[in-house]
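Take any residue in the sequence shown, count from 1 to its spot, add 179: that is its number in the working numbering. For every residue, glycine included, the Cβ atom is placed at its ideal position computed from N, Cα and C.
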Amino acid sequence: MKSLKISREIRIGLLTIITLTAFIWGFNFLKGKNIFSTQRVFYAEYENVAGLMTANAVTINGLSVGQVSAMHFHPDKPGIVVVELSMSNNVRIPKNSVARIFSSDLLGTRGIQILPGDSHEDAKSGDTLISQMQSSLQDEVNDMVQPIMAKAEKMMTSIDTVLSVISDVFNKQTRDNLVNTVESLRNTMNSLENATRSADTLMTSQKIRLARIIANVESISTNLKQNNENLSKVMANAASISDTIAQARISVTLRNLNQSVEGLSNVVGKIERGEGSLGQLVNNDKMYTELEKSSNELKLLLEDMRLNPQRYVHFSVFGRGGKRNAYSPPDTSANRKK
């Protein structure tokens, strides 16, 4: 009985060990960690790990190759968070690879994406990889929305300014002016309507007369069209006659003008050469002096005839009597004194 009792305790202990082992393995398996496989550990340092949690996946080209096993602050670098990455041994990680935090879905679930480098040397367990932070979807949306929001704010400011200007412009006086303008337009439209009605009435009353006028105009237009050729000939003849008359008059006038100019040139030439009386008068000083002398003597003679007419005109009723006085030149000095 005693051996049987020991055997039962052993079985209970073994069952407990197996249960605990299975529980531990299952718990780690659910966390993505296989306790029965050897893994390598890498580290990455970040200033901000917002959204990243332990057990988040570590992927290469979309394939899960490990998980985030732990996170803690760096003991020597204040504010720096050290993230521990557990990855399987069958994955080659170049030494210059980058561990980038990214958003794995639209809900913002974070993960770490390994971007393999081009180094020929592989990273060893315990090495620290180059860290990088990818903007989350929310950050990208914020980056996209931020300029739009800035433009919207500027637009709202502009709209507010426009509304203020409109409010200032459309004050009571402006509204009254608009009302008066609308009233004036209404009166103008009424006047136009009355004028149109009057024009319609006039057109109706003068319809027969207008029809006659239009008929007469059409008749005149038809006659002009039918006699277009004759009218063209008449106009051409009139133009020809006018040109002929103009040419004839111009030619005769030019001919007479040429003759007059030639005659005047001949006269001037004779005068310059001293031919004729006028030429002698212009060119011969002696003749001018004699002519002046004769003119003075004629003047004296006429003066004497005025003063002593009996010397030149003598008659008597009873016959000839008395003795004629001989002519003597008048006293020019006495005349000058008078």
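For residue i, which of helix, strand or coil comes out of DSSP?
i    : result
N271 : Per the sequence shown, the amino acid found at residue 271 is Arg instead of Asn. Residue state, collapsed to three classes: coil.
Q385 : coil
T195 : helix
M250 : strand
L308 : coil
R515 : Here the model assigns R515 a pLDDT of 44, short of 50, so the residue's position is not dependable and the matter cannot be decided.
Y467 : helix
E454 : coil
E224 : strand
V496 : Low confidence applies here, because V496 scores a pLDDT of 48, under 50, leaving its location unreliable and the question unanswered by this model.
A374 : helix
N445 : helix
N256 : Note on identity: in this sequence residue 256 is Lys, with Asn being the wrong assignment. Coil, per DSSP.
T401 : helix
R190 : helix
M232 : coil
Q313 : coil
Please name the residue, chosen from the options, that lies closest to residue i on a Cα-to-Cα basis.
i    : options                   : result
S283 : E441, L242 and N445       : L242
V261 : S267, N268 and F252       : F252
V277 : Q313, I259, L433 and G258 : Q313
I309 : L286, I272, V344 and V431 : I272
V228 : I259, V344 and V341       : I259
R279 : T383, T375, T340 and Q311 : Q311
DSSP puts residue i in a beta bridge; with which residues?
i    : result
G290 : F281
D301 : P273
T238 : S243 and Q292
M266 : R219 and G245
V261 : E224 and H251
My assumption, with CB atoms under 8 Å, is that residue i sits in contact with residue j. Please give the rounded CB distance.
i    : j    : result
T307 : A201 : Not really, about 35 Å apart at Cβ, beyond 8 Å.
N269 : T217 : N269 to T217, Cβ: 10 Å. No contact.
D297 : N321 : D297 to N321, Cβ: 33 Å. No contact.
L231 : V247 : 7 Å
Compute every distance between the C-beta of residue i and the non-hydrogen atoms of the ligand GDP, then say whether any falls below 6 Å.
i    : result
V228 : Within the structure as shown, the ligand GDP is missing, as the structure has no ligands at all.
Contact between the region 288 to 299 and the region 227 to 238 (3+ Cβ pairs under 8 Å)
yes
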